[in-house]
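Chemist: So for the first sequence, full-length UniProt numbering puts the first residue at 1; every next one is plus one. Just so you know, even glycine gets a beta-carbon here, dropped at the ideal spot from N, CA and C.
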Amino acid sequence: MAENVRRSMPLFSMGIVQKLTGLTARQIRYYEENDLIHPERSDGNRRVFSFNDVDRLLDIKSLLDEGVNLAGIKRVLSEKPVEANTPAHGKKSMSEAELMNFLKSELVQSGKFGKTSLIQGELSRFFR
DNA sequence: CTTCTCACA
DNA sequence: TGTGAGTA
Numbered sequence: 001m002a003e004n005v006r007r008s009m010p011l012f013s014m015g016i017v018q019k020l021t022g023l024t025a026r027q028i029r030y031y032e033e034n035d036l037i038h039p040e041r042s043d044g045n046r047r048v049f050s051f052n053d054v055d056r057l058l059d060i061k062s063l064l065d066e067g068v069n070l071a072g073i074k075r076v077l078s079e080k081p082v083e084a085n086t087p088a089h090g091k092k093s094m095s096e097a098e099l100m101n102f103l104k105s106e107l108v109q110s111g112k113f114g115k116t117s118l119i120q121g122e123l124s125r126f127f128r
């Protein structure tokens, strides 16, 4: 499962994840406190999120829109341990495809506005 | 400049 | 949750 490696490869900083998920740093840190996500720690105690974390955050965001509280989200994610990867073809979670699509869109948008794109640098490591 | 923790409106 | 203080 080399995919898990990529998925767990920590390479997103707080700022990147904020733009990717649309959540605020406060929320992300708060969710971490509630064991909804487990980012890695790198120099100076800075969080480093993996693809898996971002994916999870996206799920959390969806649940939030549905009016689910932390307890509920916690419950949902509990059934989703961490390495819950598809047995064969994974029709169950197409979150990866969604995420890829989302990330690409972000890149396009960034290009359109000709501005920003801190994620471009980070993302290049995925599409290289 | 960015992120971190802590604490309070 | 947001925000500001004080750091690293």
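Below 8 Å on the Cβ atoms is my guess for V76 versus V17; work out the distance and round it to an integer in Å.
Modeler: About 20 Å separates the two Cβ atoms, so there is no contact after all.
Chemist: Provide the residue span of the alpha helix (DSSP H) that contains E32, from first to last.
Modeler: First-last of the alpha helix (DSSP H) with E32: A25 to E33.
Chemist: If we ignore side chains and look at the alpha-carbon of each, how far apart do D43 and A97 end up?
Modeler: About 31 Å.
Chemist: Quick one: residues in its chain with C-beta nearer than 7 Å to the C-beta of residue 145, no 5 flanking neighbours on either side, listed in chain order?
Modeler: Residue 145 lies beyond the stretch modelled for the chain, which goes from 1 to 128, so this question has no answer here.
Chemist: Starting from L70, follow the alpha helix (DSSP H) in both directions and report where the run begins and ends.
Modeler: It spans L70 to S78 - the alpha helix (DSSP H) in which L70 sits, taken as one unbroken run.
Chemist: Taking the alpha carbon of I28 as the reference point, which residue from R125, L58 and L103 has its own alpha carbon closest?
Modeler: That would be L58, whose Cα lies nearest to the Cα of I28.
Chemist: Taking a contact to mean a Cβ-Cβ separation below 7 Å, would you say I60 touches L99 in this structure?
Modeler: Not closer than 7 Å, so no.
Chemist: Is DSSP giving L11 helix, strand or coil here?
Modeler: Reduced to three states, the DSSP call for L11 is strand.
Chemist: Alpha carbon to alpha carbon, what distance is there between G72 and K104?
Modeler: About 30 Å.
Chemist: If we count the other Cβ atoms within 10 Å of its Cβ and call it buried at 16 or more, is S62 buried or exposed?
Modeler: S62 comes out exposed.
Chemist: Quick one: what's V48 bridged to in DSSP?
Modeler: Partner(s): E40.
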